[in-house]
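Chains as they are written, first to last, in my numbering: chain S, 8 to 290; chain P, 811 to 1025; chain G, 82 to 315.
Cβ atoms here follow ideal geometry from the backbone N, Cα and C, with glycine treated the same way.
All values derive from a computational prediction rather than experimental measurement.
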Amino acid sequence: MLSAAEFSHSRPFVPEAATEAHGVAPKSKHAKWAIEFERISKFFGAHRVLVDLDLQVQPGEKVTLIGPSGSGKTTVLRLAMTLEKPTGGDIRIFGESILFDSAGKPLSTSQEARIRRRCGMVFQQFNLFPHLTVLQNLVLAPTTVLRQSKEQAENTALEYLRMVGLEGKVHAYPAQLSGGQQQRIAIARALILKPEILLLDEITSALDPELAGEVLDVVRGVAHETKVTLLIVTHEMRFAREVSDRIAVFDAGRIIEQGSPDKIFSYPECDRTRAFLQSVLNH
Amino acid sequence: MTWDWSYAVEIVPNLMVGVWYTILVTLASSAIALIGGLLLAILEIASTRLGRTFVRFWLELARGVPILILLYFTFYVLPQLGITIPAIPIGIGVLGVVYAAYCSEVYRGSLITIPTELRDACVALNLSQYVTWQRVLVPLMIKRAVPALLNYVLGLFRETAMLFAIGVPVLMGEAQVAGNESFRFLEPFTLAGIIYMAMNLPFLYLLSRYKDKHA
Amino acid sequence: MEAVLEYWPVLIQGLWVTVWVSSCIILGAALGAIMLGVLRVSRTGVIRVLSMVFIECIRGPSALVLLFWVFYALPLLPGMPQLSPLAAAILVLALDGAVYGAEIVRAGIEAVNRGQADACHALGLSRFQSFTKVVLPQALSQIVPAFGSLARGMIKWTSIVSFIGVQDILYVANNVRAQTFETTIVFCLLAVLYWILTVLCGLVFRELEQVLPLNRALRAARAPSAYAPAGAAQ
Ligand SMILES: Nc1ncnc2c1ncn2[C@@H]1O[C@H](COP(=O)(O)OP(=O)(O)O)[C@@H](O)[C@H]1O
Ligand SMILES: [Mg+2]
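Next up, the structure:
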């Protein structure tokens, strides 16, 4: 469905292009980490969801978070997307905190908006806008956030639709598409803003197995053809093994183990990792 | 003209008479509305085409014609037909009849949400139609309808002020009489407004308690 | 009957006033309801509580009491204006409609899936853009039908404006009744006129529902395969 040849026609997702587009401060080019969580703790009320979490991801690295449900994986992605605020700790994107300015004061809305533009996110439930057509879904952010002209945004949108193999659905509404198609649109909608970091939260969990494949194919393409940094939460272990540079295992709000896919899947150190992998693989 | 405390205190007893009548009218017409609404709902669900048409007409009347017009109509037209009824029963009756129509919708809505399996179970147990309704469906229907009904009773209470138009001494009427007598409107209307607001509180308390219990 | 109909020019004029007042208060209420509804779901607790108190204070005393207070009592307070009957009527009824409508708007906003706002945030939209372009258009599908029945009710509310001297249909009809003594006919005519107005209002809102973006999308999805995958590369 999505050959490498097709990909070469479409826009490259190289960070340089994205950096140019958003006029990022030069210092961040030399940042060591694309995203960095430092001693993050997160409470929901009295319920502690993340415990002094440390996680660093290099630019271009593909990191997959696995672990039992409720262990805090989604929360990590939502924190990176500024959909939640941590209770303690700091998060930096290309060296810039998404919480505080250099004087240690909380960021203003506009400062935060500038930094969070470097992240994109795809959700488990797609979250396409049901009242807009596929094309309108894709051009909404470019026209309102990047202030592109409608024509320019639509041309770009068509390219991305071609990339996910759905150029025939331009004027369809989300409700007219299968779940797999909707999720591919959601991926295109995130990619069109050229994020340097892409957060994927269980993007195939709401799909029937036969539809999951087409979505994973798109992600494989993105992972192999571009330098975008990927932070993935998934229960598809084969896929995780294939695309990840590194796997981090979550349990009860902590990372209990991390390492290369080979290490984690073949020689897990923790008992809990072993137990978790067994339960997933036997499933 | 500034606020005159001595005058304000002077009219309080009169306003209290209004409060008393407001409570009386609210209670009496709520009773009509709640019971009448239930009967209308049962009539519509269980009866023939004729019964349904009758209920539909009643509902349209309540929805499309202002209470004020209905009040005037009964108040001025009935005497022409030789029937003289004092204003208070007329007020209670009209409010009750109009809100009965609204309430019947609520009952009907809550009946629709009762799962059909439950009716099947009643049939399976060989319960008679009468027992099914009396012991199973109606109690369930009422229980589900409580918050919406409470809202309508609150709405009915607020509309009792309208009855001053035909001379019922509700709080609004007493305030107006007091104002007209002394040509001072600030104190009576302000006090009436505050008292009306305060009288909302029990309703709001009940509604919030119900929400807490069932949230 | 003829005796009453002879007064048709004034009756039409009264009807016109009723229609005009109704339109004004429904429009005003719609705008006010959206603003108050937004405050009602504000992220700031104080704003939420204040807007709730305001709402209860407006609807606590009924529109009638509020109308009399604004028209007769308010001007007696130092520095307060004496509003014309028409202005007072429109102000009070629109305000009352706005506070009832605010609860409708709040419920509509809360019914929109949280994920929609999350997606907007992830795409970099501001909270205002997210509200106007994504949340509100979807919420309207729930708001408009409920607001439609509120609007029907608001037409009936206008009958109280004659108390402070606005010459609406009820005011005019009462004069006609005093001159012709045709009580039954006059009130039947009034009932029918109000009923027609409310039915028309219901129709307008039914039409409005048809053009809402989410309803259009869902209709398109229900229609059998308007989008056969003609050029879709699958
Ligand atoms: N908005 C919220 N309010 C309260 N608790 C939450 C909220 N979001 C997540 N949680 C709790 O945080 C824990 C971690 O959730 P999550 O990050 O979604 O886990 P995962 O994605 O690994 O399944 C869960 O116990 C969940 O119940
Ligand atoms: Mg999750």
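With a cut-off of 8 Å, does the C-beta of residue i fall near any C-beta of chain G?
i         : result
Tyr1006/P : yes
Met982/P  : yes
Val887/P  : yes
Gly180/S  : Contrary to the premise, residue 180/S reads as Tyr rather than Gly in this sequence. Answer yes: the Cβ-Cβ gap between Tyr180/S and chain G drops below 8 Å somewhere.
Met972/P  : yes
Thr151/S  : yes
Leu1030/P : Since the displayed chain P opens at 811 and closes at 1025, residue 1030/P lies outside it and no answer follows.
Tyr882/P  : yes
Leu1014/P : yes
Leu223/S  : no
Arg279/S  : no
Gly828/P  : no
Gly903/P  : no
Phe999/P  : yes
Gly847/P  : no
To the nearest angstrom, how far is the alpha carbon of residue i from that of residue j?
i        : j         : result
Ser35/S  : Gly102/S  : With a pLDDT of 48 at Ser35/S, under the threshold of 50, the modelled position of that residue is not reliable, and no figure is offered here.
Arg303/G : Ser185/S  : 14 Å
Arg297/G : Asp1022/P : 37 Å
Ala195/S : Ser211/G  : 19 Å
Leu165/S : Ile192/S  : 11 Å
Ala32/S  : Glu119/S  : Here the model assigns Ala32/S a pLDDT of 45, short of 50, so the residue's position is not dependable and the matter cannot be decided.
Leu937/P : Ala198/G  : 51 Å
Cys269/G : Pro889/P  : 16 Å
Gln291/G : Gly118/G  : 23 Å
Gly861/P : Arg873/P  : 18 Å
Asp97/S  : Gly67/S   : 21 Å
Ala107/S : Ala179/S  : Looking at the sequence provided, one finds Phe at residue 107/S rather than Ala. Near 42 Å, if we compare the C-alpha coordinates of Ala179/S and Phe107/S.
Ile952/P : Gly847/P  : 11 Å
Val21/S  : Leu284/G  : The predicted position of Val21/S is uncertain, since its pLDDT is 35 and thus under 50; a value taken from the coordinates is nonetheless stated next. Taking the straight line joining both Cα atoms gives about 55 Å.
Thr264/G : Ser123/G  : 51 Å
Val875/P : Phe885/P  : 15 Å
Val91/G  : Ile171/G  : 21 Å
Do we get a CB-CB distance below 8 Å when we pair residue i with the residues of chain S?
i        : result
Gly141/G : no
Ala227/G : no
What does residue i reach in chain G if we use C-beta pairs closer than 9 Å?
i         : result
Asn1010/P : Glu137, Arg140, Gly141 and Pro142
Glu969/P  : Ser143 and Leu145
Gly906/P  : Residues of chain G passing the Cβ test: none, with the nearest at roughly 17 Å.
Given that residue i touches chain P, what residues does it touch there, using C-beta distances under 9 Å?
i        : result
Lys237/G : Arg873, Gly874, Val875, Pro876, Ile877, Leu878 and Ile879
Trp276/G : Glu870, Leu871, Arg873, Gly874 and Val875
With a 10 Å radius around its C-beta and 16 neighbouring C-beta atoms as the bar for buried, classify residue i as buried or exposed.
i        : result
Gly906/P : buried
Pro137/S : buried
Asp258/S : buried
Lys49/S  : buried
Glu276/S : exposed
Ile224/G : buried
Thr858/P : exposed
Phe993/P : exposed
Phe262/G : exposed
Ser222/G : buried
Please compile the residues from chain G whose C-beta is within a distance smaller than 7 Å of the C-beta of residue i.
i         : result
Met128/S  : Ala203
Ala1002/P : Val146
Ala148/S  : Leu204, Gly205 and Leu206
Within 8 Å of any Cβ in chain P, is that where the Cβ of residue i sits?
i        : result
Ile241/G : yes
Trp150/G : yes
Leu131/G : no
Leu271/G : yes
Could you list which residues in chain S have their beta carbon closer than 7 Å to that of residue i, in chain order?
i        : result
Gln291/G : Those do not exist, as Gln291/G stays about 14 Å from chain S at its closest Cβ, beyond 7 Å.
Show which residues of chain S have a CB atom less than 8 Å away from the CB atom of residue i.
i        : result
Leu295/G : Pro137 and His138
Please list, in chain order, the chain G residues whose beta carbon lies closer than 8 Å to that of residue i.
i        : result
Leu62/S  : Those within 8 Å of Leu62/S in chain G number zero; the least Cβ separation is about 19 Å.
Met170/S : Those within 8 Å of Met170/S in chain G number zero; the least Cβ separation is about 11 Å.
Ala120/S : Gly205 and Ser207
Taking Cβ-Cβ distances shorter than 7 Å, what residues in chain P pair up with residue i?
i        : result
Arg233/G : Arg873
Val280/G : Gly874
Checking contacts by CB at 8 Å: is residue i closer than that to chain C?
i        : result
Leu214/S : Among the protein chains of the structure shown, namely S, P and G, there is no chain C.
Is residue i near ligand 3, judged by its Cβ being under 7 Å from some heavy atom?
i        : result
Thr125/G : The ligand content of the structure shown is limited to ligand 1 and ligand 2, which means ligand 3 is not among them.
May I have a chain-ordered list of the alpha helix (DSSP H) segments no shorter than 4 residues that lie completely inside the stretch 855-879 of chain P? Unbroken alpha helix (DSSP H) stretches of 4 residues or longer found wholly inside the stretch 855-879 of chain P: 859-874, given in chain order.
Whole runs of the beta strand (DSSP E) within the stretch 63-117 of chain S, excluding any shorter than 3 residues: Secondary structure in the stretch 63-117 of chain S: the beta strand (DSSP E) runs of 3 residues or longer, each lying completely within the stretch, are 69-73 and 95-100 in chain order.
Give, in chain order, every unbroken run of the alpha helix (DSSP H) that is at least 4 residues long and sits entirely within the stretch 176-244 of chain S. Qualifying alpha helix (DSSP H) stretches, in chain order: 186-198 and 216-232.
What alpha helix (DSSP H) runs, 4 residues minimum, are completely inside the stretch 134-213 of chain G? Taking only runs of at least 4 residues, the alpha helix (DSSP H) segments lying wholly in the stretch 134-213 of chain G are 144-149, 166-192, 195-203 and 208-211.
Counting only runs that start and end within the stretch 227-276 of chain G, where is the alpha helix (DSSP H) found for 4 or more residues in a row? Those alpha helix (DSSP H) runs which fall completely within the stretch 227-276 of chain G and span 4+ residues are 250-261.
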